[in-house]
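In the UniProt record's numbering, the protein residues as written are 1 to 133.
Below is the structure:
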């Protein structure tokens with residue numbers, strides 16, 4: 001049986017591999033963003049994001065839970081979105097309200113969030129172009 005220290009060294013090595021892979025993924029996402037801009041296409045593609053998540057969930061053998069996998073990849077995808085086009089999301093109420101939590105769940109933490117006092121203000125800020133959603 002491996003010692004705690006040996007197992008931690010293995011985890012450290014895996015963390016380095018993950019870091020390398022995540023940065024490679026970000027570089028590819030950045031290149032895709034440039035192509036989308038050249039084509040005049042929208043940077044956001046929620047359908048593609050859901051396809052990626054569905055495929056990963058289908059292929060996940062465990063022990064990583066589907067919930068954990070979805071949460072991890074929501075943030076990876078959020079970071080990829082942010083490198084293509086920083087996304088702003090207005091929401092009703094102060095931080096930590098249900099609106100804010102729903103926005104975090106949908107868009108991930110890499111997005112810029114703006115708490116608004118009224119629903120009218122939410123729509124107004126989006127119409128002014130200060131926020132995407």
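Backbone N, C-alpha and C fix where the C-beta goes; we use that ideal spot for every residue, glycine too. Keep in mind that this is a model prediction, so the values were computed, not measured.
Start-to-end residues for the beta strand (DSSP E) that takes in residue i
{"i": "residue 114", "result": "112 to 116"}
{"i": "residue 131", "result": "Taken as a continuous stretch (DSSP letters only), residue 131 belongs to no beta strand (DSSP E), as it is neither H nor E."}
{"i": "residue 88", "result": "88 to 92"}
Boundaries (first-last residue) of the alpha helix (DSSP H) holding residue i
{"i": "residue 75", "result": "66 to 84"}
{"i": "residue 96", "result": "Element bounds for residue 96: n/a, residue is neither H nor E."}
{"i": "residue 33", "result": "4 to 39"}
{"i": "residue 109", "result": "Note, residue 109: premise wrong, no alpha helix (DSSP H); not H, not E."}
{"i": "residue 57", "result": "46 to 59"}
Nonlocal neighbours in the same chain, by C-beta distance under 8 Å from residue i, ignoring five residues either side
{"i": "residue 88", "result": "111, 112, 113, 114, 130, 131, 132, 133"}
{"i": "residue 91", "result": "97, 99, 100, 102, 103, 113, 114, 115, 116, 122"}
{"i": "residue 42", "result": "36"}
{"i": "residue 70", "result": "53, 57"}
Given residue i as reference, the closest of the options once Cα atoms are compared
{"i": "residue 77", "options": "118, 20, 49", "result": "49"}
{"i": "residue 85", "options": "60, 29, 17", "result": "29"}
{"i": "residue 73", "options": "106, 44, 95", "result": "106"}
{"i": "residue 45", "options": "14, 9, 33", "result": "33"}
Contacting residues, own chain, Cβ-Cβ under 7 Å from residue i (five flanking each side not counted)
{"i": "residue 31", "result": "none"}
Below-8 Å beta-carbon distance, residue i vs any chain C residue
{"i": "residue 122", "result": "The structure shown contains no chain C; it holds only a single protein chain."}
Cβ-heavy atom distance, residue i to the ligand GTP, below 7 Å
{"i": "residue 2", "result": "With respect to small molecules bound, the structure shown includes none, and the ligand GTP cannot be examined in it."}
query: Taking one C-beta from the segment 22 to 33 and one from the segment 64 to 82 each time, how about it: are there three or more such pairs within less than 8 Å?
result: These segments touch.
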